[in-house]
Amino acid sequence: MICDEAHHAVAKQYNCIIEYFRPKFMLGMTATPERMDSGDVFKKFNHNIAYEIRLQDALEKNMLCPFHYYGITDISVNGRPIEDDEDFNSLVSEERIKHIIEKMEFYGHSGDRVKGLIFCRSIEEGRELSVKLNEHGLRTQFVCGKDD
Numbered sequence: 000m001i002c003d004e005a006h007h008a009v010a011k012q013y014n015c016i017i018e019y020f021r022p023k024f025m026l027g028m029t030a031t032p033e034r035m036d037s038g039d040v041f042k043k044f045n046h047n048i049a050y051e052i053r054l055q056d057a058l059e060k061n062m063l064c065p066f067h068y069y070g071i072t073d074i075s076v077n078g079r080p081i082e083d084d085e086d087f088n089s090l091v092s093e094e095r096i097k098h099i100i101e102k103m104e105f106y107g108h109s110g111d112r113v114k115g116l117i118f119c120r121s122i123e124e125g126r127e128l129s130v131k132l133n134e135h136g137l138r139t140q141f142v143c144g145k146d147d
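With numbering that gives the first Met the number 0 as the guide, the letters of the sequence shown map in order to residues 0 to 147.
Structure (structure tokens):
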């Protein structure tokens with residue numbers, strides 16, 4: 000059995016599939032093996048690592064295109080900081096949208112226009128953020144793992 004995004008193999012949904020097929024051998028591929036969302040992925044694959052390459056090594060060997068990552072620190076909305084479990088309206092508030100646009104304009108230029116990816120906490124936030132950024136004149140497209 001070949002498991003892409005193998006860091007999810009410890010999740011209940013994956014376990015149902017694995018138990019159903021009862022594979023004699025499993026090959027897991029992931030770029031984030033240290034993610035411990037639901038358990039130990041290394042244990043799931045009997046600590047058998049066929050090949051490992053770290054990000055810096057992959058970049059140096061030209062296996063990946065160079066990129067820049069910028070985390071945008073959240074601002075306070077209505078005088079209080081946004082928390083991880085914040086209500087949806089604060090996540091897509093006008094104040095926060097303006098803050099994100101300001102940071103995009105500062106960090107996002109590669110040539111004559113802003114280019115980049117924005118990762119959101121939820122599908123709902125990503126979808127609404129795309130709508131609001133488009134309303135501000137940016138050309139965005141929302142995509143998620145459920146898309147083809």
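Cβ atoms here follow ideal geometry from the backbone N, Cα and C, with glycine treated the same way.
Close Cβ partners of residue i (< 6 Å) along its chain, the five nearest in sequence each way excluded
i, result
"Asn133", "Thr139"
Beta carbon of residue i nearer than 9 Å to that of residue j
i, j, result
"Leu26", "Ala49", "yes"
"Arg34", "His67", "no"
"Lys43", "Ile52", "no"
"Ala8", "Cys15", "no"
"Phe141", "Gly125", "yes"
"Ile71", "Lys97", "no"
"Lys145", "Ile122", "yes"
Buried/exposed call for residue i, threshold 16 Cβ in 10 Å
i, result
"Cys143", "exposed"
"Val40", "buried"
"Leu54", "exposed"
"Ile99", "buried"
Beta-bridge pairing of residue i - partner residues as DSSP gives them
i, result
"Val91", "DSSP output for Val91 lists no bridge partner at all."
"Cys2", "Gly27"
The beta strand (DSSP E) enclosing residue i, as first and last residue numbers
i, result
"Gly27", "Leu26 to Met28"
Close Cβ partners of residue i (< 7 Å) along its chain, the five nearest in sequence each way excluded
i, result
"Ala57", "Leu63"
"Gly107", "Val113, Lys114 and Gly115"
The alpha helix (DSSP H) enclosing residue i, as first and last residue numbers
i, result
"Lys11", "Lys11 to Phe20"
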